[in-house]
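A.B. asks: So the sequences go chain by chain: A and B. Numbering-wise (our numbering), the first sequence opens with residue 177 and increments by one. Numbering-wise (our numbering), the second sequence opens with residue 968 and increments by one. What follows is a single structure, and I will ask about it in a moment.
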Amino acid sequence: MKDMRSKRIIVDQDIHMNEELVKGYMQEGYGVIEIPEFSAAAKGIAEYLTGIMADEIQEFLKDGVQVIFLQTKKDKWTSQLMSKLAKRKLKVDVRELP
Amino acid sequence: MHSCPECGSGDLQPAVWSLNQNARTPGIALHRGVVTPLLEILNEGHYELMQLPCPETSFTGVARWWFVYEQYDSVNYRRHCAKLAKATAGLVKPYSDKGYDVVVVGLGISPSCGVRMRQTNKAWRGRPFDVGDSASVEKGKGVWIQELEKALKKQGVKFRMLGVPPVLLYPPGRVPRVAEYPSVEAEAWKEMREFLGA
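Okay, structure coming up:
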């Protein structure tokens, strides 16, 4: 059985903002997990959905997938997601962006 | 019309698979990571992307078998999808209220994400066995898409749904020859472009 999956993923909050960088990763076969903009959503949605994203990432890590977070300092939701992963003692690679 | 009357940008809801093929079951992905040709069409149509969660990955993990509709149509998986759908609809609602054209993009014959058809087989159970490559399908939506449709309607979100033809996403042996989908790649991309106005 041929498995085409790259087993490499980047996590990003805004594909458009980091378009060129993300394109580079895409060309190398990375999949993308995009963190939605939760600001306009009702209270509780961000908490629940970032929890689900953490569940997905935990499953990827368990399966040997490389996960790289692209993070800027103002990136609230990425920080929230990373905090959830840290509480589970899960380690991911982080690339700080200006 | 797929653009926001205020800012001119469009809004799209692609399922997680289009940006991340790593979420798919082993053995059926045609792309390594992102389904780039689909992304290009979406960019041409000036769509914004909002990635849907993958209920299969969060429920059963990445090392799952190929499943059919009958296996995912369980009480707890449906409950999981319904809860996810309610939260997702809440995320989409503000865009819908602003007049965005919301398009839900489903995946071929997926038992969760299928829009036009889904894989079915009442004999898939018990001791694992070689199921072969061919896909048995029936008309109907996958479990996740059914629950998402319900949640979006309940919250008053206006949306359209697009089921990406299997010929673009599955190995040739698993592409069913049915009238519901174009069987040739070029026709399938044409259908996508027309639907998305790209």
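The C-beta atom is built at its ideal place from N, Cα and C for all residues, glycine as well. Predicted, not measured: the structure shown is a model, and the values here were computed from it.
Closest to residue 219 of chain A by C-alpha separation, out of B:1057, B:1015, B:1049, B:1024, would be which residue?
C.D. replies: Taking the first residue of the first sequence as 1, we reach residue 219 of chain A at position 43. Residue B:1057 holds the alpha-carbon nearest to the alpha-carbon of residue 219 of chain A among B:1057, B:1015, B:1049, B:1024.
A.B. asks: Note the first and the last residue of the continuous alpha helix (DSSP H) segment covering residue 1084 of chain B.
C.D. replies: Taking the first residue of the second sequence as position 1, residue 1084 of chain B is located at position 117. According to the DSSP assignment, residue 1084 of chain B belongs to no alpha helix (DSSP H) but to the beta strand (DSSP E) extending over 1084-1086.
A.B. asks: Spell out whether any CB of chain A is found under 8 Å from the CB atom of residue 1045 of chain B.
C.D. replies: Translated into the one-based positions of the second sequence, residue 1045 of chain B becomes position 78. Taking Cβ atoms only, chain A never reaches closer than 8 Å to residue 1045 of chain B, which makes this a no.
A.B. asks: Output, in chain order, the set of chain A residues within a Cβ distance shorter than 8 Å of residue 929 of chain B.
C.D. replies: For residue 929 of chain B there is no data in the structure shown, the boundaries of chain B being 968 and 1165.
A.B. asks: In the DSSP assignment, find the beta strand (DSSP E) that holds residue 270 of chain A and state where it starts and stops.
C.D. replies: Mapped onto the first sequence, residue 270 of chain A falls at position 94. Unbroken beta strand (DSSP E) run through residue 270 of chain A: 269-272.
A.B. asks: Residue 235 of chain A to residue 1149 of chain B, Cα distance in whole Å?
C.D. replies: Position 59 of the first sequence, counted from the first residue, corresponds to residue 235 of chain A. Position 182 of the second sequence, counted from the first residue, corresponds to residue 1149 of chain B. A straight line joining the alpha-carbon of residue 235 of chain A with that of residue 1149 of chain B spans about 34 Å.
A.B. asks: Which two residues bound the contiguous beta strand (DSSP E) that contains residue 1162 of chain B?
C.D. replies: Within the second sequence, residue 1162 of chain B is the residue found at index 195, counting from 1. Not the beta strand (DSSP E): residue 1162 of chain B falls in the alpha helix (DSSP H), residues 1152-1163.
A.B. asks: Using the C-alpha atoms, what's the distance from residue 250 of chain A back to residue 217 of chain A?
C.D. replies: The residue given as residue 217 of chain A occupies position 41 in the first sequence. The residue given as residue 250 of chain A occupies position 74 in the first sequence. For residue 217 of chain A and residue 250 of chain A, the distance between alpha carbons rounds to 19 Å.
A.B. asks: Distance, Cα to Cα, residue 1129 of chain B vs residue 1108 of chain B?
C.D. replies: Within the second sequence, residue 1129 of chain B is the residue found at index 162, counting from 1. Within the second sequence, residue 1108 of chain B is the residue found at index 141, counting from 1. Each residue's Cα considered, the two are about 11 Å apart.
A.B. asks: Closer than 7 Å between beta carbons: that is the criterion. Which residues of the stretch 1014-1026 of chain B meet it against chain A?
C.D. replies: 1016, 1017, 1018, 1020, 1021, 1024, 1025
A.B. asks: Identify which residue in B:1141, B:1146, B:1123 has its Cα closest to the Cα of residue 1055 of chain B.
C.D. replies: On the second sequence, residue 1055 of chain B is found 88 positions in, with the first residue counted as 1. Measuring from the Cα of residue 1055 of chain B, the nearest candidate turns out to be B:1123.
A.B. asks: Would you say residue 988 of chain B lies against chain A (beta-carbon separation less than 8 Å)?
C.D. replies: Along the second sequence, one-based indexing puts residue 988 of chain B at 21. Interface annotation, residue 988 of chain B: in contact with chain A, CB-CB separation under 8 Å.
A.B. asks: Rounded to whole angstroms, what's the CA-CA distance from residue 223 of chain A to residue 186 of chain A? Just pull it up for me.
C.D. replies: As a working note, residue 223 of chain A is residue 47 in the first sequence. As a working note, residue 186 of chain A is residue 10 in the first sequence. Roughly 21 Å separates the two Cα atoms.
A.B. asks: Which residues in chain A sit within 7 Å of residue 999 of chain B, going by Cβ to Cβ distance?
C.D. replies: Along the second sequence, one-based indexing puts residue 999 of chain B at 32. Within 7 Å Cβ-Cβ: 180, 181, 182, 205.
A.B. asks: Go through the stretch 1017-1101 of chain B residue by residue and report every complete run of the beta strand (DSSP E) that reaches 3 residues or more, in order.
C.D. replies: 1069-1074, 1084-1086
A.B. asks: Restricting to Cα atoms, I'd like to know which of B:1114, B:1069, B:1084 is closest to residue 1049 of chain B.
C.D. replies: Position 82 of the second sequence holds residue 1049 of chain B. Residue 1049 of chain B has its Cα closest to that of B:1114, out of B:1114, B:1069, B:1084.
A.B. asks: If I measure Cβ to Cβ from residue 194 of chain A and keep anything under 8 Å in the same chain, skipping five residues before and after, which residues do I get?
C.D. replies: Numbered from 1 along the first sequence, position 18 holds the residue referred to as residue 194 of chain A. Excluding sequence neighbours, residue 194 of chain A sits near 188, 246, 273.
A.B. asks: With a threshold of 16 other CB atoms inside 10 Å of the CB of residue 1140 of chain B, please say whether the residue is buried or exposed.
C.D. replies: As a working mapping, residue 1140 of chain B is identified with position 173 in the second sequence. Residue 1140 of chain B is exposed by the Cβ-count criterion.
A.B. asks: Is residue 971 of chain B close to chain A, meaning its C-beta is less than 8 Å from at least one C-beta of that chain?
C.D. replies: Here residue 971 of chain B is taken as the residue at index 4 of the second sequence, counted from 1. Any reading at residue 971 of chain B must be qualified, since the residue scores a pLDDT of 40, below 50, and its modelled position is unreliable; the value itself is stated next. Judged by the 8 Å Cβ criterion, residue 971 of chain B is not in contact with chain A.
A.B. asks: I need the straight-line Cα distance from residue 1131 of chain B to residue 1151 of chain B, nearest angstrom please.
C.D. replies: On the second sequence, position 164 is the one that residue 1131 of chain B refers to. On the second sequence, position 184 is the one that residue 1151 of chain B refers to. Near 13 Å, if we compare the C-alpha coordinates of residue 1151 of chain B and residue 1131 of chain B.
A.B. asks: Against chain A, does residue 1052 of chain B count as a neighbour if the rule is that its beta carbon must be under 8 Å from one of theirs?
C.D. replies: Counted from its first residue, the second sequence places residue 1052 of chain B at position 85. It does not: the Cβ of residue 1052 of chain B has no partner Cβ on chain A nearer than 8 Å.
A.B. asks: Which residue or residues does DSSP assign as beta-bridge partners of residue 247 of chain A?
C.D. replies: By one-based count along the first sequence, residue 247 of chain A stands at place 71. DSSP lists A:272 as partners of residue 247 of chain A.
A.B. asks: Going along chain A, which residues have a C-beta under 8 Å from residue 1029 of chain B?
C.D. replies: Start at 1 with the first residue of the second sequence, and residue 1029 of chain B comes out as number 62. The contacting residues are 235, 236, 238, 239, 241.
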